[in-house]
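Below is one structure, written out as structure tokens; the observations come after it.
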Amino acid sequence: MQLLKTGAFVRAARSARITVPKAPVPVPACVRPRLVQSRWSSSQATAEVPRPFPEQSVEISREVDPTKTAPESKDEPDQEHLKQKLKELAHGKKAVNGHLAGVNILGNPYIFDATTNVPDSILQLVGRNLYRSPDHPIAITKALIESCFPKPTYNHFTVADPVVTTHENFDVLGFPKDHPGRSRTDTYYVNTTHLLRTHTSAHQHAAFQSLVNDEAKGYTVCADVYRRDSIDKSHFPVFHQMEGARVWDLPVSADSRYEAQLRRKEIIEKDVYNLPTTRLAVKDPVTNFHKGSNAAQPEHDVEEVKLVVAHLMRSLEYLVNGVFEASREMMPPWQRDKMGPLHARWIEAYFPFTSPSFELEVLWNGEWLELLGCGVVQQPILNNAGLKNSIGWAWGVGIERIAMLLFGIPDIRLFWSQDKRFLQQFKCGHIKKFEPFSKYPECYKDIAFWINSSPAAASPIGVESSSGVAAAAGGDARKASPAETQPAAFHENDIMEVVRDVAGSLVEDVQLVDEFLHPTTGRKSLCYRINYRSLERTLTNEEVNDLHSQVAAKMKSLFNIELR
Ligand code: DAH
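Count along the sequence shown starting at 1, add 2, and that's the number in the numbering used here.
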């Protein structure tokens with residue numbers, strides 16, 4: 003699930019060049035959003051702690067023509083024919099037509115090319131929309147978060163279609179060309195131009211556009227996001243994120259820009275003052291907004307940035323306090339009273355799309371947990387969306403991480419369970435501890451093999467990499483060469499993908515247990531331990547053996563490895 007994985011990234015990426023295009027980037031008509039107007043109203047929060055009253059979100063529907071893949075093939079007629087065929091297929095179904103192939107995703111046809119790496123097992127999860135089932139823990143958590151950002155100041159959006167362009171997911175947000183998140187080893191590409199969004203920030207541009215001439219001054223966006231990643235109890239290739247933002251326009255009535263800016267500062271200051279207070283015990287970072295790698299942007303007034311940051315931090319403290327207070331309400335009063343205030347701390351961070359940037363951590367069961375990332379939006383992003391005269395903040399959070407803490411859900415696979423024993427435990431607007439319905443036996447099996455060396459194969463666990471880059475939007479440079487777009491001999495996420503494809507959610511985790519360099523041949527041997535365990539039943543020996551030999555056979559046929 004990992005939302006941020008920024009600890010190492012912060013260190014490594016500070017020096018990264020910010021490449022948000024300075025001139026407004028024309029957004030192709032095919033990705034321009036058509037926003038459905040909100041039909042709901044609600045009042046500004048007055049209570050000290052937000053209540054989980056669900057407010058329905060508005061679906062952002064986009065006029066997308068996803069059949070426009072970049073490299074137009076010479077054989078046009080075949081492509082046209084295939085597009086038509088793909089449209090007729092059921093969702094997630096693939097078609098092969100001579101050398102052409104493609105897929106229908108939520109009614110839109112996509113033609114595959116050399117970049118395609120999205121497997122069937124992932125396509126089958128598209129469209130489940132867990133956040134739409136009001137009693138599901140994902141939906142309950144989403145509603146709780148939305149209730150901290152009430153209408154009419156904030157609109158609430160969801161985006162069902164996870165296919166976005168590389169432009170939306172990376173370019174418009176200023177991701178460097180060699181950012182690890184762009185790698186095929188970390189991201190599911192439908193084809194060269196389209197991918198399964200790796201973060202809800204892919205909708206930032208569209209959502210900011212929705213604020214132009216709108217009564218709302220902010221938004222939240224909730225959606226499912228996709229990352230090729232490791233397999234363990236807190237990582238699943240599909241998870242949910244929420245994104246939020248708030249902007250302030252320059253008042254139009256002012257005589258000069260200078261005066262308008264002064265007035266805007268006063269407004270932001272008043273807005274900070276009006277935010278509800280919390281019982282949270284918070285440690286702020288010592289930040290120098292004048293210089294350094296996490297400073298205010300050159301075009302911003304430092305005093306104004308301080309106010310925007312104060313508004314951002316107080317708003318997110320309100321969110322975190324609200325969410326965790328809601329969870330503490332399920333404890334008996336004597337236990338709750340003994341606990342004292344919740345502790346949180348701000349740390350400086352790096353994201354390509356904000357500066358300054360921060361992360362918020364909370365102390366939970368004696369451990370500091372990274373909860374969310376945020377910052378002051380890079381001005382060119384606002385300019386490109388038609389908000390040239392606005393300044394604003396944005397944040398992003400992984401819903402599963404919060405929901406696992408709130409409900410005490412021990413394994414991320416449970417969110418996808420269709421088992422009544424899981425689903426019937428939860429009720430819209432209520433936080434209650436998950437009661438394990440049973441624990442089925444685990445079954446470990448090892449797979450050991452020699453790999454042929456390649457840059458990406460050099461170190462799956464990253465011991466050689468001092469930078470240890472991990473990134474917003476996914477991507478982990480410890481596991482691959484960041485610019486790698488060609489298939490490497492072996493990448494750790496490859497074995498994860500094979501295991502997922504063969505065994506789906508019957509695997510609890512996959513871990514590298516041994517890494518060994520042959521002293522004379524220089525070849526590297528790796529050994530992974532796969533833990534087969536179903537959440538819903540006991541697996542038979544035969545079944546596990548069969549799955550394991552399928553994994554081995556697939557590894558052997560797909561990658562240039564030699565089983566040991
Ligand atoms: N997109 C980031 C991620 O997936 C999260 C994030 C961080 C979103 C900072 C934001 C932000 O809007 O300002 O890790």
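Where a beta carbon is used, it is the ideal one built from N, C-alpha and C, also for glycine.
- Straight-line measurement puts the Cα of asparagine 386 at about 9 Å from the Cα of phenylalanine 210.
- Per DSSP, the continuous alpha helix (DSSP H) segment holding phenylalanine 210 begins and ends at 206-213.
- For aspartate 503, the enclosing alpha helix (DSSP H) covers residues 494-505.
- Sequence-distant Cβ neighbours of serine 329 in its own chain, meaning closer than 6 Å and more than five residues away, are Leu408, Ile433.
- No Cβ-Cβ contact shorter than 9 Å links lysine 96 with proline 111.
- The alpha carbon of valine 364 has as its nearest neighbour, out of Val174, Ile401, Asn323, Gly388, the alpha carbon of Asn323.
- Residue range 543-560 is occupied by the alpha helix (DSSP H) that includes histidine 550, with no beta strand (DSSP E) assigned at that position.
- One alpha carbon belongs to aspartate 448, the other to asparagine 547, and they sit about 11 Å apart.
- Under the three-pair Cβ rule at 8 Å, the segment 532-539 does not count as touching the segment 263-280.
- Shown here, alanine 247 sits in a strand according to DSSP, grouped into three states.
- With respect to the 9 Å criterion, cysteine 224 and threonine 279 are not classified as neighbours on the basis of their beta carbons.
- Judged by DSSP in its simplified three-state form, leucine 389 adopts coil rather than helix or strand.
- Glu350 is the residue among Glu305, His520, Thr522, Glu350 whose C-alpha sits nearest the C-alpha of lysine 285.
- Looking from the CA of glutamine 126, the closest CA among Leu277, Gly506, His302 belongs to Gly506.
- Sixteen is the threshold: when 16 or more other Cβ atoms of the shown chains lie within 10 Å of the Cβ of arginine 415, as they do, the residue is buried.
- Taking the Cα positions, isoleucine 393 is about 10 Å away from isoleucine 270.
- Within the same chain, Pro164, Val166, Asn171, Val227 come within 6 Å of arginine 199 by CB-CB distance, once the 5 residues on both sides are set aside.
- The segment 119-138 and the segment 415-431 touch, with no fewer than 3 CB-CB distances between them shorter than 8 Å.
- Annotation for glutamate 261: the continuous alpha helix (DSSP H) segment containing it runs 259-276.
- Setting aside the 5 residues that flank it on each side, serine 123 is surrounded in the same chain by Arg502, Asp503, Gly506, each with a C-beta closer than 7 Å to its C-beta; the list follows chain order.
- With fewer than 16 neighbouring CB atoms inside 10 Å of its own CB, serine 551 falls in the exposed class.
- Bounds of any beta strand (DSSP E) do not take in isoleucine 233, whose DSSP letter is neither H nor E.
- In the three-state reduction of the DSSP assignment, glutamate 510 falls in the strand class.
- For the pair glutamine 86 and phenylalanine 436, the Cα-to-Cα distance works out to about 46 Å.
- Here the C-alpha atom of histidine 201 lies approximately 19 Å from the C-alpha atom of isoleucine 233.
- Counting along the chain, the unbroken alpha helix (DSSP H) around alanine 141 starts and ends at 139-148.
- Residue side-chain check: leucine 371 keeps its Cβ at 8 Å or more from all non-hydrogen atoms of ligand 1.
- Each of Ser359, Pro358, Leu344 was checked against the Cα of tryptophan 366, and the nearest Cα belongs to Leu344.
- By the Cβ neighbour-count rule, leucine 108 is exposed, with fewer than 16 other Cβ atoms within 10 Å of its own.
- Between arginine 230 and glutamate 510, the gap from beta carbon to beta carbon reaches 9 Å or more.
- Counting C-beta atoms within 10 angstroms of its own C-beta, tryptophan 397 has 16 or more neighbours from the protein chains shown and is therefore classed as buried.
- Ranked by Cα distance from arginine 259, the first of His313, Val311, Lys390 is Lys390.
- Across the structure, methionine 315 and phenylalanine 326 are spaced so that their CA atoms are roughly 16 Å apart.
- Within the same chain, Asp503 come within 6 Å of proline 121 by CB-CB distance, once the 5 residues on both sides are set aside.
- Counting the other Cβ atoms within 10 Å of the Cβ of phenylalanine 151 gives 16 or more, which makes it buried.
- Assigned with DSSP and collapsed to three states, valine 515 falls in strand.
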